[in-house]
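Student: Pasting in a structure now, in structure tokens, and then I'll have a few things to ask.
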Amino acid sequence: MEISGKKAIVVGGASGFGRATAESLATRGASVAILDRPQSDGKAVAAGIGAAFHEVDVTDFDGTEKVLAQAVDGLGGLNIIVTTAGGGIGERTISKTGPHPLDSFRASVDLNLIGTFNISRLAAWQMSQQEPVDPEDGGEAEERGVIINTASIAAFEGQIGQVAYTASKAAIAGMCLTMARDLGSLGIRVLAIAPSLFATGLTKGIPAEFASALTKDAAFPKRLGKPEEYAKLVTAIVENPMLNGQCIRLDAGQRFAPK
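Using the UniProt record's numbering, the letters of the sequence shown map in sequence onto residues 1 to 259.
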């Protein structure tokens, strides 16, 4: 699918992976809507790239449905959606004070997994209601859209204290193929990206010696990833219709150690 002229939504588009993706898609000629928290920089980021901004809390599932519908209406359709919103906590299965609290485990699952699936199912419905992209306009025959979610290499090598985060991200990776099969007859592709450590959020701007320690197990390059490198993979996924039903690692060959 050619990006130029397409309608794209980036959830979590105010910073990090999402911001780089929104900027990349807009530069390539897509009409973009950014969805992010009210306290984010989403409004300013959107203004800078000629995009729309919609406030959303992805753990408010009913509210997200309304906001997503508004964003699609504003764009006049939906061909591409990228979800990058998420987070995690650090708690072991048991600690000195007792077992892992279910409330905090459930909160991670709600944010990362349920939030992602909610957006995916809603986006898929919106895509299913529109005509396929015209092959002469840069699309595969009968292709309606592509859904790209964000997992983590912690889905495969979860570290000590990451049980809730790992469970939620592993589920995002695990549902790619099933969702792709569910939606294949409609011309909708589904993938996930599993990044390693990138210069976003808490790791953005950390001293070089700390960054080196965090990435010493990478094959090459031995550094933090850049948000733009995530955005480049999004571009490749959108433009290559043979990419579908899988979770793609973006990790410089890194495998997380236990801690």
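From the three backbone atoms N, C-alpha and C, an ideal C-beta is built for every residue, glycine too.
Kindly examine the ligand PLP and report whether one of its heavy atoms sits closer than 7 Å to the Cβ of ALA51.
Tutor: By its list of ligands, the structure shown contains no ligand whatsoever, and the ligand PLP lies outside what it can speak to.
Student: Smallest Cα separation from GLY90: which of ALA164, VAL146, ASP36 and GLY18?
Tutor: Comparing Cα positions, the closest option is ALA164.
Student: Quick one: is ILE94 buried, meaning 16 or more other Cβ sit within 10 Å of its Cβ, or exposed?
Tutor: The residue is exposed, with fewer than 16 neighbouring Cβ atoms inside 10 Å.
Student: Can you give the Cα-Cα distance for LYS43 and ALA52, rounded to whole angstroms?
Tutor: Cα to Cα, LYS43 sits roughly 8 Å from ALA52.
Student: I'd like to confirm the pairing. Which residues does DSSP put opposite ASP36 in its beta bridges?
Tutor: Paired residues: GLU55.
Student: To which residues does DSSP link CYS247 through a beta bridge?
Tutor: ALA192.
Student: With 16 other CB atoms within 10 Å as the buried threshold, where does ASN240 fall?
Tutor: With fewer than 16 other Cβ atoms within 10 Å, it is exposed.
Student: Going by the CB atoms, is the gap between VAL56 and ILE148 shorter than 8 Å?
Tutor: Not in contact: ILE148 and VAL56 (Cβ atoms no closer than 8 Å).
Student: Might you give, ordered along the chain, the residues of its own chain that have their beta carbon closer than 8 Å to the beta carbon of ASN244, omitting 5 neighbours on each side?
Tutor: Within the same chain, ASN244 has close Cβ partners ALA180, GLY184, ARG189, VAL190 and LEU191.
Student: Short check: CB of GLY63 to CB of ALA33, under 8 Å?
Tutor: No, the pair does not count as a contact, with Cβ atoms beyond the cut-off.
Student: For the alpha helix (DSSP H) that VAL238 lies in, which residues bound it at each end?
Tutor: 227-239 is the extent of the alpha helix (DSSP H) around VAL238.
Student: Determine the contact status of LEU111 and GLU65, defining contact as a CB-CB distance below 8 Å.
Tutor: Result no, Cβ atoms of LEU111 and GLU65 do not sit closer than 8 Å.
Student: Run through the region 191-222 for me and flag every whole alpha helix (DSSP H) of 4 or more residues, listed as ranges in chain order.
Tutor: Listed in chain order, the complete alpha helix (DSSP H) runs (minimum 4 residues) inside the region 191-222 are 208-214.
Student: Just the Cα atoms here: how many angstroms apart are SER24 and LEU35?
Tutor: Straight-line Cα distance between these residues: approximately 16 Å.
Student: Assuming THR59 contacts THR83 under a Cβ cut-off of 8 Å, what Cβ separation, rounded to an integer in Å, is found between them?
Tutor: Contact doesn't hold; Cβ gap of about 13 Å is too wide.
Student: What's the gap between the Cα of GLU140 and the Cα of LEU177?
Tutor: Spanning the two alpha carbons is a distance of roughly 19 Å.
Student: Alpha carbon to alpha carbon, how far is ALA30 from SER4?
Tutor: Approximately 5 Å, taken between the alpha carbons.
Student: What residue range does the beta strand (DSSP E) around ILE114 cover?
Tutor: Unbroken run through ILE114: none, as it is neither H nor E.
Student: Distance, Cα to Cα, GLN231 vs GLY87?
Tutor: Looking at the sequence provided, one finds Ala at residue 231 rather than Gln. Straight-line Cα distance between these residues: approximately 19 Å.
Student: Report back the beta-carbon spacing between MET127 and LEU78 to the nearest angstrom; my notes put them in contact at under 8 Å.
Tutor: Correct: roughly 6 Å between the Cβ atoms.
Student: Can you list, in chain order, the residues of its chain with a C-beta nearer than 7 Å to that of SER104? Leave out the 5 residues immediately preceding and following it.
Tutor: ILE89, GLU91 and ALA164.
Student: Taking Cβ positions, are VAL133 and ALA85 nearer each other than 8 Å?
Tutor: The answer is no: Cβ separation not under 8 Å.
Student: List the DSSP bridge partners of PRO99.
Tutor: PRO99 is bridged to ILE94.
Student: Residues in its own chain within less than 7 Å of ALA170 by CB, not counting five upstream and five downstream?
Tutor: Result list for ALA170: ALA155, in chain order.
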